[in-house]
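Numbering (UniProt numbering), first residue to last: 1 to 902. Beta carbons: idealized from backbone N, C-alpha and C, even for Gly.
Have a look at this one:
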């Protein structure tokens, strides 16, 4: 497997390589192996494999949370994954790669098993199949108490790291030093820093010498500083003695341990010897290079002196000099031709040697094949011999069996035929090579160590599962008891109103007790903290939040207020119940599971590759991005769009803009108009989201920082109403700095120029293009609006400026954002036309301006899912050429500019 390519990225915690997968081929007969591109990422609990490294869709995957791993040291590079009584056999390029894969598999299993927190499961009403995927840095907070990693730390690493500093004060000192030595490209006023072009001074740190390479590197550095090489060597070796803590050979240690320590020390000495030999060779090569360079310098000096003398020489001397130079050039040409011939001869020799090598390899393979054939013959002979021995033992005896009283059920072992395991044992017993025996022993040691750790981890997993089961059983009992209690009270109330005979009405205290039992502590939360109302995972309210009643005086009684809140709570619970049942039904749908698998497969295999335009990825984005993957995909799409801008502005650009905005905001004498408008618009941002209701919340502060920084980033736009909604959508999934670049990508890259300028000329031109498309795609609707003298752009302008935020429900416009980030402004026309297409029958029924206004102003009440809307947008509205839109846009832009100039 010479073409095996393995790459590990520490930042992404990812391992990928070509591996052989053994498969049972029933048609051909017997097991066979096939090479696939395997990818394992700590962000996903699955092991994926693909046909090649560029594929978007995987060939297959394995869930690792309940898997067990093992390997046989006698099989080169091969290891097994046991899942649900199934055995999957994989083969790496070598034994070292096998250990690397096994350790990564154990790490992945541990991480995702620990991420399934018992308390979170017990507190949740539904366990989603997408819970394995992380939002923003959730997986970095997993516990590290349950299991321990399988780290093969050698004795040399333990000795070398014994004296390493671990003080938190030193860490903080290093961080302070890094901050003091940092140089930003721009200052707080946006001007170029004079020190930005200087080479940063090197940070002096006291490095601990750990390995032989460190010692030799230090020796080289000291030899350059000190002329006397002996002094440099003594200095470095003295530091090495401080850093190294050699093993002690006290009487308490066993002889076996001392022997192992001696072996480690001998390895260190061998490393030093090899490094010394390599440095000696490098020194010789450098001396030869210095001699050649010295000759070149001397030759150059001679040529310079000759040219100086030639300036004052006579014509005859110049002629002689020219002839001499031409003869030298001719000699060089001849030498070059000879060297080329020699080079060609050497190449032919190399080709011949390669062909000989290939023939020898073929001979070796043939010899191995013959050896395997002989081994098979020997095994067959052994089996035949065993069969003959069994026949001999099974011959009937001369005496009568009835004379003996033999108890029933006693099995007599008359010998068995050798199986595969006994054959391997016999093969190992015949090994006489010491080196081969040593390798076999080392293989069994590593296998024993790995299996011991595997047993310990599986035991801890079993204990954790038992504890989780006990907690779930206790919780189930509590839920069941609560259910029967509520059911009994409910039946009691029904029985009270069932009978036709008049009865005494229920006392108010009884009714209040029933309400308290139903709501428990949640009723008090509603009456005291309105932000504790039921919301979804993104913070959007399931129903409109009810304002507090404190400012209304005594207009309503306390009982009426409590009753209204109970009714609201009941409606919220009904909606949450419907959503949970819908999620359960959805997660049992095969198409939904396949959709999740495609996205997980894409992110695992392309986590290190930049986003590129492709039809497969476009089709995936048009189906929508799962909410749990949206933060990762959005960040990569935004980075793809603004990568050049980020490179031009440099690191720390966003922080510099926020400092500048804070500095300008402090100037009360001349307040900035854009910053003042931002302050006014903050309270009107996503009123149905819990994160943007309170001015003191963290996301509201981040929104203010993002909008203020963008005001100084884009001097043409500064700020436009509607940008607050776009930035808030970015903050739902991205960090603050990433949300700023999200807003930059939308305004500067995805939308046309002058879209958010004070004149809105770009957006107005798009509205004229949109009206032309409405007339082309929906002539009935166009004529109906024309008869009623209704300008559709009065309603649709806000759709394009805010990308349907506050126009549709968040479940719809978030999916529109997915496609918009990938395809750009064109999809806004598609979805706007699709909305009108869906509402066309209802609009055609409207006979007045007010009716159409009520219909188009309440688009969020439309009962439609994204799948249906996308089908209309991308299938029923074709053809949809981009060139036509661009030409029309440019035409209307020119008209608007001419009109503005006049």
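Using a 10 Å radius around the Cβ and a threshold of 16 neighbouring Cβ atoms, would you call residue i buried or exposed?
i           : result
residue 746 : buried
residue 609 : exposed
residue 730 : buried
residue 898 : exposed
residue 630 : buried
residue 675 : buried
residue 294 : exposed
residue 550 : Low confidence applies to residue 550: its pLDDT is 37, below 50, so where it sits in the model is not reliable, and the reading given next is rough at best. With fewer than 16 Cβ atoms within 10 Å of its Cβ, residue 550 is classed as exposed.
residue 484 : exposed
residue 722 : buried
residue 800 : buried
residue 625 : buried
residue 266 : exposed
residue 45  : buried
residue 815 : buried
residue 73  : buried
residue 109 : buried
residue 704 : buried
residue 591 : exposed
residue 368 : exposed
residue 301 : exposed
Between the alpha carbons of residue i and residue j, how many angstroms are there, rounded?
i           : j           : result
residue 900 : residue 585 : 57 Å
residue 734 : residue 271 : 49 Å
residue 82  : residue 66  : 9 Å
residue 437 : residue 447 : 15 Å
residue 604 : residue 889 : 40 Å
residue 356 : residue 363 : 10 Å
residue 338 : residue 77  : 49 Å
residue 496 : residue 489 : 11 Å
residue 574 : residue 855 : 27 Å
residue 894 : residue 884 : 16 Å
residue 405 : residue 387 : Confidence at residue 405 is low in this model, with a pLDDT of 43, below 50, so the placement of that residue should be treated as unreliable; the coordinate-derived value is given next. When rounded, the distance between both Cα atoms is 29 Å.
residue 95  : residue 21  : 16 Å
residue 581 : residue 86  : 33 Å
residue 457 : residue 88  : 20 Å
residue 618 : residue 821 : 11 Å
residue 62  : residue 478 : 36 Å
residue 825 : residue 864 : 23 Å
residue 286 : residue 292 : 10 Å
residue 170 : residue 69  : With a pLDDT of only 45 at residue 170, under 50, the local geometry of the prediction cannot be trusted, and the value read off the model is given with reservation. Cα to Cα, residue 170 sits roughly 41 Å from residue 69.
residue 728 : residue 450 : 49 Å
residue 131 : residue 896 : Annotation note: pLDDT 36 at residue 131 (below 50); position unreliable, no value reported.
residue 365 : residue 354 : 16 Å
Please classify residue i: does DSSP put it in a helix, a strand, or coil?
i           : result
residue 606 : coil
residue 156 : For residue 156, the predicted structure reports a pLDDT of 33, less than 50, and the residue's modelled location is therefore unreliable. The matter cannot be settled from this model.
residue 69  : strand
residue 21  : strand
residue 665 : helix
residue 926 : The displayed coordinates of the chain run from 1 to 902. Any statement about residue 926 would go beyond what the structure contains.
residue 366 : helix
residue 904 : Coverage of the chain is limited to positions 1 through 902, which leaves residue 904 absent and any answer about it impossible.
residue 34  : strand
residue 542 : coil
residue 533 : Residue confidence for residue 533 is low, a pLDDT of 49 falling below 50, so the modelled location carries little weight; the figure read from the coordinates is stated next. Three-state DSSP puts residue 533 in coil, outside helix and strand.
residue 16  : strand
residue 932 : The requested residue 932 does not occur in the structure, where the chain is confined to residues 1 to 902.
Heavy atom of the ligand SAH less than 6 Å from the Cβ of residue i, yes or no?
i           : result
residue 575 : Ligands displayed in this structure: none; no statement on the ligand SAH is therefore possible.
- Taking three-plus beta-carbon pairs below 8 Å as touching, is the segment 790–798 in contact with the segment 764–774? yes
- Task: Go through the segment 736–806 residue by residue and report every complete run of the alpha helix (DSSP H) that reaches 4 residues or more, in order.
- Result: 736–744, 761–777, 779–787 and 793–802
- Task: Would you be able to state if there are at least three C-beta pairs under 8 Å between the segment 872–887 and the segment 827–837?
- Result: yes
- On the three-pair Cβ rule with 8 Å, is the segment 637–655 touching the segment 680–691? Segments in contact, no.
- Would you be able to state if there are at least three C-beta pairs under 8 Å between the segment 648–658 and the segment 748–761? no
- If we count Cβ pairs, one from each stretch, closer than 8 Å, do we get three or more for the segment 657–666 versus the segment 708–727? yes
- Item | Ordered list of alpha helix (DSSP H) runs contained in the segment 590–664, each at least 4 residues | 590–605, 615–622 and 627–649
- Assess, as a yes-or-no matter, whether the segment 691–700 is touched by the segment 591–600 under the definition of 3 or more beta carbon pairs within less than 8 Å. no
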